[in-house]
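These notes concern the structure reproduced below.
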Amino acid sequence: MRPFVHVNCAMSADGKIAGDDRKQVRISSDEDLARAKELRKKYDAILVGVGTVIADDPHLTVKGRSYDENPVRIVIDPNGRTPKGAQAVDKRAKSIILTDDLCTEKWNDVHVIRCGRPFDLKKAMTVLSELGIENILVEGGGETIASFFRNDLVDRYTIFVGELLIGGRNAPTPADGDGWICENGLRLKMKNAETLGNGVLITYDVR
29 MRPFVHVNCA MSADGKIAGD DRKQVRISSD EDLARAKELR KKYDAILVGV GTVIADDPHL
89 TVKGRSYDEN PVRIVIDPNG RTPKGAQAVD KRAKSIILTD DLCTEKWNDV HVIRCGRPFD
149 LKKAMTVLSE LGIENILVEG GGETIASFFR NDLVDRYTIF VGELLIGGRN APTPADGDGW
209 ICENGLRLKM KNAETLGNGV LITYDVR
């Protein structure tokens with residue numbers, strides 16, 4: 029068993045999720061931001077990669093919710109690079125950091141789970157399921173999203189396409205990193221498309 033995984037992100041009209049400096053760019057419309065906030069309320073956990081933590085310092089919480097009411101915050105961080113003062117590991121919600129077996133870093137009040145050497149994402153999902161986490165919202169970044177697709181761990185994929193061009197051959201994309209996700213690519217099944225303010229939200233299931 030593993031948790032249900034929903035990948036949600038926003039990209040520019042030329043397929044970028046940030047500038048080539050990896051800094052966050054406002055892509056979503058007000059309507060999409062409101063949708064994303066409501067989406068967080070429906071999931072047991074919100075997950076990002078350590079690159080997103082370092083670049084954007086997200087808090088990964090729901091406004092107005094208490095420590096126990098907030099979703100669990102999960103950071104994939106094989107080598108223990110999450111700053112001790114990052115918002116994703118503060119006292120607003122429970123936090124889990126997924127590392128590989130050789131990482132010795134510790135964070136106050138954070139549950140650290142060792143997930144093999146090299147890091148084994150499927151093992152991580154099994155352990156999270158055993159902890160009672162039934163569904164996870166993955167919010168980035170590109171290499172983290174790509175790793176979920178590569179390991180056949182994505183059930184739903186929603187992406188907001190905004191009216192912005194970013195450019196840059198080195199700017200990250202929603203499924204970033206080296207090589208193809210799988211041989212000949214991964215086929216998705218589009219379930220819905222709707223206008224949200226100045227952009228379009230597309231919902232896919234994974235075939």
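Under our numbering, the very last position in the sequence shown is 235; numbers go up by exactly one each time. Just so you know, even glycine gets a beta-carbon here, dropped at the ideal spot from N, CA and C.
- Message: Just list the residues that DSSP pairs Y71 with in beta bridges.
- Response: Reading the sequence shown from its first residue, position 43 is the one you call residue 71. Its beta-bridge partners do not exist; DSSP assigns none.
- F176, enclosing alpha helix (DSSP H) - first and last residue: Here residue 176 is taken as the residue at index 148 of the sequence shown, counted from 1. It spans G170 to R178 - the alpha helix (DSSP H) in which F176 sits, taken as one unbroken run.
- Query: Can you check whether the CB of A116 is closer than 9 Å to the CB of V81?
  - Reply: One-based indexing of the sequence shown puts residue 81 at position 53. One-based indexing of the sequence shown puts residue 116 at position 88. Closer than 9 Å, so yes.
- Task: Over the uninterrupted beta strand (DSSP E) stretch that includes S123, give me the two end residues.
- Result: Here residue 123 refers to the residue found at position 95 when the sequence shown is read from its first residue. Run containing S123: S123 to T127, per the beta strand (DSSP E) assignment.
- Reference R30; option with closest CA among M39, T154 and K112: Looking up residue 30 in the sequence shown gives position 2. Selected option, being the one with the closest Cα: T154.
- Message: Between the alpha carbons of D183 and P111, how many angstroms are there, rounded?
- Response: Translated into positions along the sequence shown, residue 183 becomes position 155. Translated into positions along the sequence shown, residue 111 becomes position 83. Those two C-alpha atoms are separated by around 30 Å.
- Task: Could you tell me the distance, in whole angstroms, from the CA atom of E97 to the CA atom of E222?
- Result: Taking the sequence shown and counting its residues from 1, one reaches residue 97 at position 69. Taking the sequence shown and counting its residues from 1, one reaches residue 222 at position 194. One C-alpha to the other measures close to 30 Å.
- Query: For D60 versus A38, is the C-beta distance shorter than 9 Å?
  - Reply: In the sequence shown, residue 60 corresponds to position 32, counting from 1. In the sequence shown, residue 38 corresponds to position 10, counting from 1. Cβ atoms of D60 and A38: closer than 9 Å.
- I164 and I74 closer than 9 Å at C-beta: As a working mapping, residue 164 is identified with position 136 in the sequence shown. As a working mapping, residue 74 is identified with position 46 in the sequence shown. Yes, the pair counts as a contact, with Cβ atoms nearer than the cut-off.
- Alpha carbon to alpha carbon, how far is E133 from H34? What you label residue 133 is simply residue 105 of the sequence shown in a count that begins at 1. What you label residue 34 is simply residue 6 of the sequence shown in a count that begins at 1. Looking at the two C-alpha atoms, the distance is approximately 29 Å.
- Query: Is it the case that the Cβ atoms of E162 and V76 are separated by a distance below 9 Å?
  - Reply: The residue you call residue 162 lines up with position 134 of the sequence shown. The residue you call residue 76 lines up with position 48 of the sequence shown. Cβ distance not < 9 Å, so E162 and V76 don't count as in contact.
- Near the ligand MN: I74 beta-carbon under 8 Å from a heavy atom: This structure lacks the ligand MN; in fact it carries no ligand of any kind.
- Query: Leaving out five residues before and five after K150 in sequence, what residues of the same chain have Cβ atoms less than 6 Å from its Cβ?
  - Reply: Within the sequence shown, residue 150 is the residue found at index 122, counting from 1. Around K150: N179.
- Query: Can you list, in chain order, the stretches of the beta strand (DSSP E) that have 3 or more residues and sit fully within the segment 69-121?
  - Reply: 73-77 and 100-104
- Message: If the criterion is Cβ atoms closer than 9 Å, does the pair L88 and P106 meet it?
- Response: Your numbering for residue 88 matches position 60 in the sequence shown. Your numbering for residue 106 matches position 78 in the sequence shown. No, these two residues do not count as a Cβ contact at 9 Å.
- Message: Which of the three DSSP states is assigned to V149 in this structure?
- Response: Working through the sequence shown from its first residue, we reach residue 149 at position 121. For the sequence presented, residue 149 should be read as Leu rather than Val. Note: L149 maps to helix in three-state DSSP.
- If I'm right that G47 touches A199 with Cβ under 8 Å, what's the distance once you round it to whole angstroms? As a working note, residue 47 is residue 19 in the sequence shown. As a working note, residue 199 is residue 171 in the sequence shown. G47 to A199, Cβ: 6 Å. Contact.
- Task: Could you have a look at A41 and say whether DSSP puts it in helix, strand or coil?
- Result: Numbered from its first residue, the sequence shown carries residue 41 at position 13. Coil.
- Query: Alpha carbon to alpha carbon, how far is D85 from G108?
  - Reply: Reading the sequence shown from its first residue, position 57 is the one you call residue 85. Reading the sequence shown from its first residue, position 80 is the one you call residue 108. So the alpha carbons of these two residues sit roughly 15 Å apart.
- Item | contact_flag[the segment 64-72, the segment 199-219] where n(CB pairs < 8 Å) is 3 or more | no
- Message: Rounded to the nearest angstrom, what separates D204 and R197 at their Cα positions?
- Response: In the sequence shown, residue 204 corresponds to position 176, counting from 1. In the sequence shown, residue 197 corresponds to position 169, counting from 1. Taking the straight line joining both Cα atoms gives about 12 Å.
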